[in-house]
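Q: Before I ask anything, here is the structure I am working with.
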Amino acid sequence: MKKWLIAISMLCTLGLSGMASADDAAAPPSAAAPAAAPAPDAAAAPAAAPPTTAAPAAAAPAAAPNPAAFINSGDNAWMLTSTALVLMMTIPGLALFYGGMVRKKNVLATVMQSFAITCLVTVLWMIIGYSLAFTPGSGFMGGLSRVFLSGLGLDSVNALAPTIPETTYMTFQMTFAIITPALIVGAFAERMKFSALLWFITAWLIAVYAPIAHMVWGPGGWLGADGVLDYAGGTVVHINAGVAGLVAALVIGKRVGYGKEPMPPHNLVLTVIGAALLWVGWFGFNAGSAVAASDRAGMAMAATQIATAAAALSWMFVEWMAKGKPSVLGICSGAVAGLVAITPASGFVGPSGALFIGIAAGIVCFWAAVYLKNMMGYDDSLDAFGVHAIGGIVGAMLTGVFAVKAIGGTAGMLEGNVAQLMIQAKGVGVTIVYDAVVTFVILKIIDMVIGLRVTEDQEREGLDISLHGEKLE
C-alpha cells in the first residue's frame, strides 16, 4: 500500500520540479513560441501543433469555408495513408505485440481489449473528444463546436491542417486517441475487469487525453503557446499513457503469483509481428504529423527509422552484457522504445540527433523495465511505464537538446537555446502531474462503484474463459 503511494508521490514530485525549473526559463523566440512546430513547406501545419509562423492560427475557427482554395490532393493522399497506418498500429499491431507477451490463458482477453478500445474511442471521439481537443476554447480545453461532429462537412477545414479536409484531419487525430489508452492496458494486463476497463477508458479519454492534447496541440493550448515541442506525441501519447499505466498498476495491485511463479510470454512470434507492424505504422504516426507530403515529413521518416534501429541495438547489447544473452523480446522492446523516444523529436531533429536519442532510449528504457521495476516492486505487466513513460521523457527532454532551427523552426540547447530544455521540462512536468492525479481519481471512483479487479479464481482460470467464455486451443 505504501509503495504505490510513494510511487505516485514521486511522479508528482518529478513533474512539479520540472514545472518549477521551467518557470525560470527565458521565453523562446517569438516566431517559435506559439507552437510545437513550424508550418511545413506545403503550408500545412503539423498534426501535433499550430503553425509557428503565425500566432493567430491558434485562435482561428475550427473550420473555414471554401476548402477548394486550400486542399492539396497530394497532402490529402498522404494523410489518408498515414491515418490507415496509425490505425494499423493498434489493430492488429499493438494487439499482437501485447497478446504475444501475456500467458496463453489471457491472450484473447488482451487482444479483445485493443479491439474494443478502438471501437469505443472511435465513438467517443465523434461525440465529444475531437471537439474538446481540437476546437478553440480555453488554454486548457477546447470548445463544443464539434460535438457529434456538428457542422463537419465537405466544406470544412481545420486551421491546424489547412491543406487537407477536416474529415481527414479529424480521423487522423482519432487514431492517436485510439492507441493512447490502448497502450495503458499493458500495465495492468491479466487482471482488470472488462466492464471496469470500458468505464476507465471512457472517463480517461475525456478527462485526461483530450485536455492534454488540447494544451499541447490544440488552438490556444497553453503548453503549445509556451513553446513546448512535441511533434507527434511524446507527452500527449506516451508519457500520458505510461504514467496512467503505472498509476493503474499500483491501484489495482500485482497479479496473483507475481514474483513467486514464472509468467513467461505465450508466443513471442506474435510479439515480433506486432512490433514490426508498429514500426511500419509509426511512419504514419511521425511522418504523418507533418500533415503534408513535404520535405519535413521525409526528415521525420528518416529520423524515425534511425532512432528505432539504434534503440533496438542499444537495448540488445546492454541486455547481452547484463544477462549474458540477447533476447527476441529485448530487441523488440528496444525498437518500441526508440519509436517512443523519437516521437516528440522526429520533426525537429536531424539524423545525428535521432541516432543519439535512439541509443539513449534503448539504454534508459532497459534500465527502467528491468531494474527500476524490480527496485520499486510494482507489477507493470508489459512495461508500459518503463518503455512509454520513460521513453517519452527521454525523447521530450532530448528534443530540447537536439532541435535544429533549420528543420523545425526552433533551436535546441546545442544551438544555444538553453531555455528550450527548461520549457520541455515544463511540458513533461505538467503532463505527469495532471495525468497521475486525474487517473488516480478516476480509478478510485470506478473501484468504489463496480470494482476494478477480477476475482482470484477468475484470474487463476484466465480472463479468456472467465470474462469472454473462449479459449485459445
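Note that the UniProt record's numbering gives residue 18 to position 18 of the sequence shown, counting from 1, and the numbers run on in steps of one.
Note that CB positions come from ideal geometry on N, CA and C, so glycine has one too.
Just to confirm before moving on: does the CB-CB distance between S346 and A303 stay below 8 Å?
A: To locate residue 346, count along the sequence shown from 1; it is residue 346. To locate residue 303, count along the sequence shown from 1; it is residue 303. Yes, the pair counts as a contact, with Cβ atoms nearer than the cut-off.
Q: Could you spell out where the alpha helix (DSSP H) holding E456 opens and where it closes?
A: Residue 456 sits at position 456 when you count from the first residue of the sequence shown. That run of the alpha helix (DSSP H) goes E456 to E461.
Q: Apply the 10 Å Cβ neighbour rule to G462 and answer buried if 16 or more other Cβ atoms are within range, or exposed otherwise.
A: The residue given as residue 462 occupies position 462 in the sequence shown. Buried, since its Cβ has 16 or more Cβ neighbours within 10 Å.
Q: Return the CA-CA distance between K426 and M126, expressed in angstroms with no decimal places.
A: Against the sequence shown, residue 426 aligns to sequence position 426. Against the sequence shown, residue 126 aligns to sequence position 126. Their backbone Cα atoms lie some 31 Å apart in a straight line.
Q: For M192, which residues does DSSP report across the bridge?
A: Residue mapping note: residue 192 aligns to position 192 of the sequence shown, counting from 1. DSSP output for M192 lists R453 as bridge partner(s).
Q: Would you decide whether H468 is buried or exposed? Buried here means 16 or more other CB atoms lie within 10 Å of its CB.
A: In the sequence shown, counting from the first residue as 1, residue 468 sits at position 468. Looking at its Cβ environment, which holds fewer than 16 other Cβ atoms inside 10 Å, H468 is exposed.
Q: Locate the alpha helix (DSSP H) running through M103, then write down its first and last residues.
A: Taking the first residue of the sequence shown as position 1, residue 103 is located at position 103. Rather than Met, the amino acid found at residue 103 in this sequence is Arg. First-last for R103: undefined, no H or E at that position.
Q: Please return the same chain residues whose Cβ sits closer than 8 Å to the Cβ of K444, not counting the five positions on each side in sequence.
A: On the sequence shown, position 444 is the one that residue 444 refers to. Excluding sequence neighbours, K444 sits near V251.
Q: Need the endpoints of the alpha helix (DSSP H) that M112 sits in, please.
A: Counting from one through the sequence shown, the residue named residue 112 turns up at place 112. Start and end: V107 to L124.
Q: May I have the straight-line CA-CA distance separating A276 from A307, to the nearest angstrom?
A: Residue 276 sits at position 276 when you count from the first residue of the sequence shown. Residue 307 sits at position 307 when you count from the first residue of the sequence shown. Taking the straight line joining both Cα atoms gives about 15 Å.
Q: Under 8 Å between the Cβ atoms of K105 and D464?
A: Residue numbering aside, residue 105 sits at position 105 when the sequence shown is read from its first letter. Residue numbering aside, residue 464 sits at position 464 when the sequence shown is read from its first letter. Going by C-beta atoms, K105 is nearer than 8 Å to D464.
Q: In angstroms, rounded to a whole number, what distance separates the CA positions of A341 and W204?
A: Mapped onto the sequence shown, residue 341 falls at position 341. Mapped onto the sequence shown, residue 204 falls at position 204. Computed Cα separation, rounded: 23 Å.
Q: Do the CB positions of I184 and A396 come within less than 8 Å of each other?
A: As a first step, residue 184 must be located in the sequence shown, where it is residue number 184. As a first step, residue 396 must be located in the sequence shown, where it is residue number 396. The answer is no: Cβ separation not under 8 Å.
Q: For R296, name the three-state secondary structure that DSSP assigns.
A: The residue you call residue 296 lines up with position 296 of the sequence shown. Here R296 sits in helix by DSSP.
Q: Tell me, please, whether the region 205-220 touches the region 412-421 by the rule of three or more beta-carbon pairs shorter than 8 Å.
A: Segments in contact, no.
Q: Pull up the distance between the alpha-carbon of Q305 and that of P264, whole angstroms please.
A: On the sequence shown, residue 305 is found 305 positions in, with the first residue counted as 1. On the sequence shown, residue 264 is found 264 positions in, with the first residue counted as 1. Straight-line Cα distance between these residues: approximately 30 Å.
Q: Give the secondary structure of M397 by DSSP, where H, G and I count as helix, E and B as strand, and everything else as coil.
A: Against the sequence shown, residue 397 aligns to sequence position 397. In this structure, M397 counts as helix in the three-state DSSP scheme.
Q: Here's a check: name, in chain order, each residue in its chain whose Cβ is nearer than 6 Å to the Cβ of E473, leaving out the five neighbours to either side.
A: Numbered from 1 along the sequence shown, position 473 holds the residue referred to as residue 473. Here the set comprises nothing.
Q: Residue range of the alpha helix (DSSP H) that G233 falls in?
A: Numbered from its first residue, the sequence shown carries residue 233 at position 233. No alpha helix (DSSP H) contains G233, which DSSP labels as neither H nor E.
Q: So what does DSSP say about residue 559, is it helix, strand or coil?
A: This structure gives no information on residue 559, because the portion of the chain shown stretches from 1 to 473.
Q: When the Cα atoms are used, what is the spatial distance from A44 to N158?
A: By 1-based counting over the sequence shown, the position of residue 44 is 44. By 1-based counting over the sequence shown, the position of residue 158 is 158. Low per-residue confidence applies at A44: pLDDT is 37, beneath 50, and the placement is therefore not dependable enough to give any value.
Q: In angstroms, rounded to a whole number, what distance separates the CA positions of T81 and G281?
A: Taking the sequence shown and counting its residues from 1, the one referred to as residue 81 is at position 81. Taking the sequence shown and counting its residues from 1, the one referred to as residue 281 is at position 281. C-alpha separation (whole angstroms): 10 Å.
Q: Could you tell me the boundaries of the alpha helix (DSSP H) in which Y130 lies?
A: As a first step, residue 130 must be located in the sequence shown, where it is residue number 130. Per DSSP, Y130 belongs to the alpha helix (DSSP H) from Y130 to F134.
Q: Give a yes or no on whether the C-beta atoms belonging to W279 and L339 are separated by under 8 Å.
A: Walking along the sequence shown from the start, residue 279 turns up at place 279. Walking along the sequence shown from the start, residue 339 turns up at place 339. Contact flag set, yes.
Q: Considering Cα atoms alone, identify which of A116, A161, D155 and G186 is closest to M101.
A: As a position in the sequence shown, residue 101 is number 101, starting the count at 1. M101 has its Cα closest to that of G186, out of A116, A161, D155 and G186.
Q: In three-state DSSP terms, what is L75?
A: Here residue 75 corresponds to residue number 75 of the sequence shown, with the count starting at 1. One detail in the question is off: residue 75 reads as Asp in this sequence, not Leu. Of the three classes helix, strand and coil, the one that applies to D75 here is helix, per DSSP.
Q: Within the chosen definition, does the region 283-292 reach the region 91-98 through at least 3 CB pairs nearer than 8 Å?
A: Verdict: no, contact absent.
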